[in-house]
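Novice: Positions in the sequence shown are counted from 1; adding 195 to them yields my numbering.
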Amino acid sequence: MKTVTGPTDRVVVIGAGLAGLSCALRLAGAGREVTLLERDGIPGGRAGRITDSGYTFDNGPTVLTMPSLVDEALGAVGESLNDWLDLMPLNPAYRTYFPDGSQLDVYSDTDRMAEEIALECGPAEAAAYRDYVGYLRRLYEVEFGDFIDRNIDHPWNLITPNLFRLVGMGGFLRLDRKVRQYLTDPRTVRALSFQAMYAGVSPLKAMALYGVISYMDSVAGVSVPRGGMHEIPVAMAGAATKHGVDIRYDTEVAAIEHSGGRASAVITTEGDRIAADVVVVNADLPVAYRDLLGVDKWSLRRLKYSPSAFVMLAGAKAEYPAIAHHNIHFGRSWRGTFEEIIDRGEVMSDPSFMVTCLSKDDPSLAPPGRHAYYILFPTPNTDAGIDWQTETPRYREHVLDTMERAGYRGFADSIEVEHITTPLEWQQRGMAAGAPFAAAHTFMQTGPFRAGNLWGENVVFTGSNTQPGVGVPMVLVSGRLAAERIVSR
Ligand SMILES: Cc1cc2nc3c(=O)[nH]c(=O)nc-3n(C[C@H](O)[C@H](O)[C@H](O)COP(=O)(O)OP(=O)(O)OC[C@H]3O[C@@H](n4cnc5c(N)ncnc54)[C@H](O)[C@@H]3O)c2cc1C
């Protein structure tokens, strides 16, 4: 494995996103002097929080999978998840709604889920589901250690017995085709393959190996910390500070000072110079190359980004007892929706969307008798050229009309506070192409083909635009992989 060269005693980490925090914890645990500079006033980056009039909203991830990875990061400084977070498993993980009026709850417990499928879709589909779960489990076992959880310097590092197993399992076939080898009901197909969108790829075009996301999510289980997802970076930052990491909020880095491929310091927008033996960059990779390093990397100009999202956070009087914590509403269109968002750069004409009721399992997130809602409509990213400044009011109406028709009666009139984030705002917050889900996980942007995490002699990247990729579990791993570039020598 390639590592940084030279001394590694003083490390400056730029960004207290989950990846930066994961890396900082590992470095502190390995005895490095770590200074963490964060532009915002709070940790978490995309896993942020907005509070308004008694409501508390997560404004990024709402689905926590693989919490053991949070525990591992805390474990690097001898702390444990249970001492910092109160995790609530979500059962069901999702409630899915279909245009024919039917519903399917997604449970991570295989027996319970099989019962649910048997009731809704019949016993043959339930048996097929069990077989598909077996396939997903094998996929996870084959993939995680060799292809996700380690630094991969060269494509030939991929050549392991597990690569041949993956080929044999049809990992390089289309995900949709693989799912349909098992499942036949369009509802189970959707409920167990939409997760490819988390990696920015349509399930119709993704490779079957991305079924591993469905495994981590709908099989391994979904939970949420009491207090919301933002409690995760709060815990990680708390543990990092306790173990000596010097976190400086409201401190934006303007440049990384470097010469001949060797970084020597970072310069803040206030003009302060902080010397470093190694610089870890959690700022979005393409933006950091351009703005912080001043390096024009040709391969980054050709990146294909994931779709973006229109996110509405709404504090409302309305209550819908029949909904679950996470609710996914599928439109009639399936293939057409992906073509619109990904291929044609258009907003969905027949929307599929997610409504999360943040306060459903934790009433402390809203005033008494009120609820905190998080509504996410996938959209094209800013490369599509939609003018969100003019489009936002119209799209807001469209979102509220769609919700009304989906059964959220009277929602619009019951809203007390509201915060909207469009692709334009994601871009203004420093995300290339306004894509909060980073570069899409196409084959040529995955594994060793994804932007590497080492630059020059002593600059290391971490986060969703480097390896292994996007999502809370992946960026937590990414933080560890970055730390290994520094301490594994
Ligand atoms: C709306 C939305 C929904 C999502 N849903 C889920 C989900 O349900 N489940 C899931 O697993 N994942 C989800 N994700 C993805 C997941 O949140 C991200 O992949 C992950 O949080 C990214 O973490 P990161 O550390 O790579 O980057 P970031 O969180 O972007 O962290 C980068 C940090 O660097 C800081 N920074 C940037 N530039 C500078 C600078 N110049 N100086 C100082 N600091 C700087 C930023 O302020 C930020 O704090 C979602 C993301 C979004 C936005």
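Just so you know, even glycine gets a beta-carbon here, dropped at the ideal spot from N, CA and C. The model shown is predicted, which means the values in this text are computed figures rather than measured ones.
Give me the residue from ALA628, LEU404, GLY455, ASN576 with the minimum Cα distance to ARG360.
Specialist: Numbered from its first residue, the sequence shown carries residue 360 at position 165. Of the candidates ALA628, LEU404, GLY455, ASN576, the one whose C-alpha sits nearest the C-alpha of ARG360 is LEU404.
Novice: Do VAL475 and THR657 come within 8 Å of each other at the CB atom, strictly closer than that value?
Specialist: Within the sequence shown, the letter at position 462 stands for residue 657. Within the sequence shown, the letter at position 280 stands for residue 475. Contact: yes.
Novice: I'd like to know whether the C-beta atoms of THR464 and ALA449 end up nearer to each other than 8 Å.
Specialist: Translated into positions along the sequence shown, residue 464 becomes position 269. Translated into positions along the sequence shown, residue 449 becomes position 254. A contact, by the Cβ cut-off of 8 Å.
Novice: Taking the DSSP output, what are the residues bridged to PHE572?
Specialist: Working through the sequence shown from its first residue, we reach residue 572 at position 377. In the DSSP output, where bridge partners are listed per residue, PHE572 has PHE505.
Novice: Only counting the same chain, and skipping five residues up and downstream in sequence, which positions put a Cβ closer than 7 Å to that of GLN298?
Specialist: In the sequence shown, the residue the question calls residue 298 occupies position 103. Excluding positions up to five away in sequence, the list reads ARG290, THR291, TYR292.
Novice: Any idea what DSSP makes of GLY212, helix, strand or coil?
Specialist: Locating residue 212 in the sequence shown gives position 17, counting from the first residue. GLY212 falls in the strand class under three-state DSSP.
Novice: Going by C-alpha distance, which of ALA394, GLY236, GLU336, ALA509 is nearest LEU358?
Specialist: Here residue 358 refers to the residue found at position 163 of the sequence shown. Comparing Cα positions, the closest option is GLU336.
Novice: Three or more C-beta pairs closer than 8 Å, one from the stretch 612-631 and one from the stretch 501-519: is that the case here?
Specialist: yes
Novice: Three or more C-beta pairs closer than 8 Å, one from the stretch 388-397 and one from the stretch 337-349: is that the case here?
Specialist: no
Novice: Return yes when the C-beta of VAL550 is under 7 Å from any heavy atom of ligand 1, and no when it is not.
Specialist: Locating residue 550 in the sequence shown gives position 355, where the first residue counts as 1. The answer is no for VAL550.
Novice: Use the C-beta contact count for SER413: other C-beta atoms within 10 angstroms, 16 or more gives buried, fewer gives exposed.
Specialist: As a first step, residue 413 must be located in the sequence shown, where it is residue number 218. SER413 comes out buried.
Novice: What's the C-alpha gap between ASP266 and GLU274?
Specialist: The residue labelled residue 266 in the question sits at position 71 within the sequence shown. The residue labelled residue 274 in the question sits at position 79 within the sequence shown. Using only the alpha carbons, I get a separation of about 8 Å.
Novice: By how many angstroms is the C-alpha of ASP253 removed from the C-alpha of VAL429?
Specialist: As a first step, residue 429 must be located in the sequence shown, where it is residue number 234. As a first step, residue 253 must be located in the sequence shown, where it is residue number 58. Each residue's Cα considered, the two are about 12 Å apart.
Novice: Is it true that the stretch 646-662 meets the stretch 447-462, where meeting means three or more beta-carbon pairs spaced less than 8 Å apart?
Specialist: yes
Novice: Pairs of beta-carbons, one from the stretch 431-448 and one from the stretch 228-243, closer than 8 Å: are there three or more?
Specialist: yes
Novice: For ILE518, which three-state DSSP category applies?
Specialist: Here residue 518 refers to the residue found at position 323 of the sequence shown. Here ILE518 sits in coil by DSSP.
Novice: Alpha carbon to alpha carbon, what distance is there between LEU259 and SER501?
Specialist: In the sequence shown, counting from the first residue as 1, residue 501 sits at position 306. In the sequence shown, counting from the first residue as 1, residue 259 sits at position 64. Distance between the alpha carbons of SER501 and LEU259: 20 Å.
Novice: Is the beta carbon of SER659 within less than 7 Å of some heavy atom of ligand 1?
Specialist: Position 464 of the sequence shown, counted from the start, is the residue given in the question as residue 659. Distance from the C-beta of SER659 to the nearest heavy atom of ligand 1 is below 7 Å.
Novice: Do ARG645 and VAL199 have their beta-carbon atoms positioned less than 8 Å apart in this structure?
Specialist: Indexing the sequence shown from 1 puts residue 199 at position 4. Indexing the sequence shown from 1 puts residue 645 at position 450. With a cutoff of 8 Å on beta-carbon distance, VAL199 and ARG645 are scored as not near each other.
Novice: Tell me the DSSP bridge mates of ILE191?
Specialist: Nothing in the structure corresponds to residue 191, since the chain is present only between 196 and 684.
Novice: Can the beta-carbon of ALA401 be found less than 8 Å from the beta-carbon of ARG205?
Specialist: Position 206 of the sequence shown holds residue 401. Position 10 of the sequence shown holds residue 205. No, the Cβ-Cβ distance between ALA401 and ARG205 is not below 8 Å.
Novice: ILE237 to ALA633, Cα distance in whole Å?
Specialist: Here residue 237 is taken as the residue at index 42 of the sequence shown, counted from 1. Here residue 633 is taken as the residue at index 438 of the sequence shown, counted from 1. Computed Cα separation, rounded: 21 Å.
Novice: Does the beta carbon of GLY564 come closer than 8 Å to any beta carbon on chain D?
Specialist: Note that chain D does not occur in the displayed structure, where there is just one protein chain.
Novice: Identify which residue in ASP557, ALA601, GLU541 has its Cα closest to the Cα of ILE581.
Specialist: Working through the sequence shown from its first residue, we reach residue 581 at position 386. Among ASP557, ALA601, GLU541, the Cα nearest to that of ILE581 is on GLU541.
Novice: Kindly indicate which residue of ALA225, ASN660, LEU676, GLY212 has the alpha-carbon position closest to the one of LEU498.
Specialist: Translated into the one-based positions of the sequence shown, residue 498 becomes position 303. Checking every option, the nearest Cα to that of LEU498 belongs to ASN660.
Novice: Could you tell me which residues DSSP puts in a beta bridge with GLY510?
Specialist: Here residue 510 is taken as the residue at index 315 of the sequence shown, counted from 1. GLY510 pairs with ALA567, VAL612.
Novice: How big is the Cα-Cα spacing for ASP556 and HIS520?
Specialist: As a position in the sequence shown, residue 556 is number 361, starting the count at 1. As a position in the sequence shown, residue 520 is number 325, starting the count at 1. The alpha-carbon atoms of ASP556 and HIS520 are separated by roughly 7 Å.
Novice: On the DSSP letters alone, give me the boundaries of the beta strand (DSSP E) that GLN298 sits inside.
Specialist: Along the sequence shown, read from residue 1 onward, the residue named residue 298 stands at position 103. Start and end: 298-301.
Novice: Exposed or buried, ILE427, counting other C-beta atoms within 10 Å across all chains shown (16 or more means buried)?
Specialist: The sequence position of residue 427 within the sequence shown is 232, counting from 1. In the assembly as shown, ILE427 is a buried residue. Its beta-carbon has 16 or more other beta-carbons within 10 Å.
Novice: How many whole angstroms separate the CB atoms of ILE251 and LEU560, which I take to be in contact at a CB cut-off of 8 Å?
Specialist: Residue numbering aside, residue 251 sits at position 56 when the sequence shown is read from its first letter. Residue numbering aside, residue 560 sits at position 365 when the sequence shown is read from its first letter. The sequence given here has Thr at residue 251, not Ile. Indeed, because the Cβ distance is near 4 Å, the residues count as touching under 8 Å.
Novice: Buried or exposed: where does ASN194 fall if 16 or more other Cβ atoms within 10 Å of its Cβ makes it buried?
Specialist: No answer is possible for residue 194: the residues shown for the chain start at 196 and end at 684.
Novice: Under the three-state reduction of DSSP, which class applies to THR577: helix, strand or coil?
Specialist: Here residue 577 corresponds to residue number 382 of the sequence shown, with the count starting at 1. If DSSP states are grouped into helix, strand and coil, THR577 belongs with the helices.
Novice: Mapping the DSSP letters down to three states, classify GLY240 as helix, strand or coil.
Specialist: Along the sequence shown, one-based indexing puts residue 240 at 45. In the structure shown, GLY240 sits in coil (DSSP, three-state: anything other than H, G, I, E or B).
Novice: Go to LEU151, then tell me how far its alpha helix (DSSP H) extends in each direction, as first and last residue.
Specialist: What the structure shows of the chain is the stretch from 196 to 684, and residue 151 is not part of that stretch, so it cannot be assessed.
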